[in-house]
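>
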Amino acid sequence: MQRILSAELARHTGETVTVAGWVHRRRLLKSVAFLIVRDAAGLTQVVVTEPEVRARIEELPEESVVELTGTVTANPAAPAGVELTGPAVRVLSAVGAPLPFELHRPALTASMPTQLDHAALALRHPARARALRVAAAAAAGFRATLEERRFVEIHTPKIVASATESGANVFALDYFGRPAYLAQSPQFYKQLMVGVFERVYEVGPVFRAEPHDTARHLAQYTSLDAELGFIADHRDVMAVLTDVVAGMTATVAERTGVAVPEVPEEIPALHFAEALRIAGAPADEPDLAPAHERALGEWALREHGSEFVFVTGYPMRKRPFYTHPQPSDPAWSNSFDLLFRGLELVTGGQRLHRLGDYRAALAARGEPTAAYEGYLDAFRYGMPPHGGFAIGLERFVARLTGAGNVREVTAFPRDLHRVTP
6 MQRILSAELA RHTGETVTVA GWVHRRRLLK SVAFLIVRDA AGLTQVVVTE PEVRARIEEL
66 PEESVVELTG TVTANPAAPA GVELTGPAVR VLSAVGAPLP FELHRPALTA SMPTQLDHAA
126 LALRHPARAR ALRVAAAAAA GFRATLEERR FVEIHTPKIV ASATESGANV FALDYFGRPA
186 YLAQSPQFYK QLMVGVFERV YEVGPVFRAE PHDTARHLAQ YTSLDAELGF IADHRDVMAV
246 LTDVVAGMTA TVAERTGVAV PEVPEEIPAL HFAEALRIAG APADEPDLAP AHERALGEWA
306 LREHGSEFVF VTGYPMRKRP FYTHPQPSDP AWSNSFDLLF RGLELVTGGQ RLHRLGDYRA
366 ALAARGEPTA AYEGYLDAFR YGMPPHGGFA IGLERFVARL TGAGNVREVT AFPRDLHRVT
426 P
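Each residue of the sequence shown is one higher than the last, beginning at 6 in the numbering used here.
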């Protein structure tokens, strides 16, 4: 008999079916035993009254894998209003070791290090698994929204020859006897690919050797990158990003049922100088601190009813050399961050697109051009005005689900202390 999932049981009331999954919980009462079986779609309640079957269940530790064949019976108190009765039980895999924590509780009570040490088990908990489903839905929404706007998915190298983009915070490795590095972002490559497809995107890992030990930082995370050509300035990029975030949240809501915030048709935006004033920061502050971001999030919600806010025009000295300066005042940039619930979620902006501007920008920062020649080739042979953005997937999911730590929504996080499991 073909196996069905728990979510399909209600369509088979009165029929004999086979289900299979993990023993989520056992409740052994005097006259009846209840077995809660978990599969990828949810939970099935199994009612056992036969003494022989009950004896087998009493010996089964939680998380053992079982297959059950029985009758689907209506019961309004059971999950989905049905339960499995009169089951025959076949044990596919019995657990032979004590569990480090219980999975049938509504929330995992084990400490985060314990959960991460036992990730293979902790990720089975419905709350942890749900967060990963949210991440999958968000990435699917990202892809679908961009595909509708004729973006082409690309795949770029994660091993690079030089650490040129963001200074020394890179992971070095031995590449067949010569130095190489793990890529901090696909930035250079996605710009080059604008010269091929005009509009491109990538979903992939990036690596940051930054010694941050916080609830919002990882050494490896998933970056959702996009780049588009033939723009007027960074505001065209912001418009696309607004559509993308709306598409991501809509897909999450549709696929997971998680409550999502409304994304305004036009997200409120303010210049960096105004953001400093609203946040109560000194006028010469070069960047926004976490407290400033929180203050701006509160302001956007209070004044505009929006959980999102753009901050534009960051100082050029705090942005990468390829950032396009603000034409009216080159001390500022045509760049932006998108804050979501008081946390930086996205960084983006307009890029330089003329070779001479790149040479001048590198010279102004004392950077030799030799390490950038492969990158500069794109601009040597003609590139349109372009820009793009990068979304940190784990931050987005953590903020969306209310998780206090990005590790709660990451399957196997890599950080300052952890490279296992």
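Virtual Cβ for every residue (Gly too), placed ideally from N, Cα, C.
(1) What residue range is occupied by the uninterrupted beta strand (DSSP E) comprising Arg240?
(2) Taking just the CA atoms, how far does Pro105 sit from Phe235?
(3) Pop quiz: Gly354 and Ser333 are said to be a contact at Cβ under 8 Å. What is the actual Cβ separation, rounded to whole angstroms?
(4) Hey, how far is the Cα of Lys163 from the Cα of Ala60?
(5) DSSP has Gln331 in a bridge; who is on the other side?
(6) My output table needs one value for Arg16: the three-state DSSP class, helix, strand or coil.
(7) Could you pull out every residue in the same chain whose Cβ sits closer than 7 Å to the Cβ of Leu33, ignoring the five residues on either side in sequence?
(8) Out of curiosity, what's the CA-to-CA distance linking Thr161 and Gln225?
(9) Mind the definition here: the stretch 140-149 touches the stretch 247-262 only if three or more C-beta pairs lie below 8 Å; say whether that holds.
(10) Straight-line CA distance for Leu229 to Arg385?
(11) Kindly give me the distance between the Cβ atoms of Leu73 and Thr23, rounded to whole angstroms, as I take these residues to be in contact under 8 Å.
(12) Leaving aside the five residues before and after Val77 along the sequence, list all residues of the same chain whose C-beta is less than 7 Å from its C-beta, in chain order.
(13) Between which two residues does the alpha helix (DSSP H) carrying Val402 extend?
(14) At which residues does the alpha helix (DSSP H) containing Val211 begin and terminate?
(15) Looking at the structure shown, is Phe39 part of a helix, part of a strand, or coil, going by DSSP?
(16) With H, G and I counted as helix, E and B as strand and the rest as coil, what does DSSP make of Ile62?
(17) Check whether the Cβ atoms of Phe326 and Leu360 sit closer than 8 Å, and answer yes or no.
(18) Check whether the stretch 301-312 touches the stretch 267-286, taking contact to mean three or more Cβ pairs, one atom from each stretch, closer than 8 Å.
(19) Going by DSSP in three states, Ala93 sits in which element: helix, strand or coil?
(20) So, for Arg370: in the same chain, excluding its five sequence neighbours on each side, which residues have a beta-carbon less than 7 Å away from its beta-carbon?
According to the structure data:
(1) Numbered from its first residue, the sequence shown carries residue 240 at position 235. Taken as a continuous stretch (DSSP letters only), Arg240 belongs to no beta strand (DSSP E), being part of the alpha helix (DSSP H) at 239-261.
(2) Here the question's residue 235 lines up with position 230 in the sequence shown. Here the question's residue 105 lines up with position 100 in the sequence shown. The alpha-carbon atoms of Phe235 and Pro105 are separated by roughly 55 Å.
(3) Here residue 354 refers to the residue found at position 349 when the sequence shown is read from its first residue. Here residue 333 refers to the residue found at position 328 when the sequence shown is read from its first residue. Not confirmed; about 15 Å, so no contact.
(4) The residue labelled residue 163 in the question sits at position 158 within the sequence shown. The residue labelled residue 60 in the question sits at position 55 within the sequence shown. For Lys163 and Ala60, the distance between alpha carbons rounds to 54 Å.
(5) Residue 331 sits at position 326 when you count from the first residue of the sequence shown. DSSP lists no partner for Gln331.
(6) Here the question's residue 16 lines up with position 11 in the sequence shown. In the structure shown, Arg16 adopts helical secondary structure according to DSSP, grouped into three states.
(7) Locating residue 33 in the sequence shown gives position 28, counting from the first residue. Excluding residues within five positions, the ones whose Cβ falls inside 7 Å are Glu63.
(8) Taking the first residue of the sequence shown as position 1, residue 161 is located at position 156. Taking the first residue of the sequence shown as position 1, residue 225 is located at position 220. Spanning the two alpha carbons is a distance of roughly 16 Å.
(9) yes
(10) Indexing the sequence shown from 1 puts residue 229 at position 224. Indexing the sequence shown from 1 puts residue 385 at position 380. Their Cα atoms are separated by approximately 27 Å.
(11) Counting from one through the sequence shown, the residue named residue 73 turns up at place 68. Counting from one through the sequence shown, the residue named residue 23 turns up at place 18. Contact holds; Cβ gap of about 7 Å.
(12) Counting from 1 along the sequence shown, the entry for residue 77 is found at position 72. If we look at Val77 and ignore the five residues flanking it on each side, its Cβ neighbours are Leu14, His17, Thr18, Gly19, Glu20, Val22, Val87, Leu89.
(13) Position 397 of the sequence shown, counted from the first residue, corresponds to residue 402. Per DSSP, Val402 belongs to the alpha helix (DSSP H) from 398-406.
(14) Against the sequence shown, residue 211 aligns to sequence position 206. Looking at the DSSP string, Val211 is not in any alpha helix (DSSP H); the run it does join, the beta strand (DSSP E), is 204-212.
(15) Translated into positions along the sequence shown, residue 39 becomes position 34. Of the three classes helix, strand and coil, the one that applies to Phe39 here is strand, per DSSP.
(16) The count along the sequence shown starts at 1 and reaches residue 62 at position 57. In this structure, Ile62 counts as helix in the three-state DSSP scheme.
(17) Within the sequence shown, residue 326 is the residue found at index 321, counting from 1. Within the sequence shown, residue 360 is the residue found at index 355, counting from 1. Result no, Cβ atoms of Phe326 and Leu360 do not sit closer than 8 Å.
(18) yes
(19) Reading the sequence shown from its first residue, position 88 is the one you call residue 93. In the structure shown, Ala93 sits in a strand (DSSP, three-state: E or B).
(20) Position 365 of the sequence shown, counting from 1, holds the residue named residue 370. Answer for Arg370: Phe326, listed in chain order.
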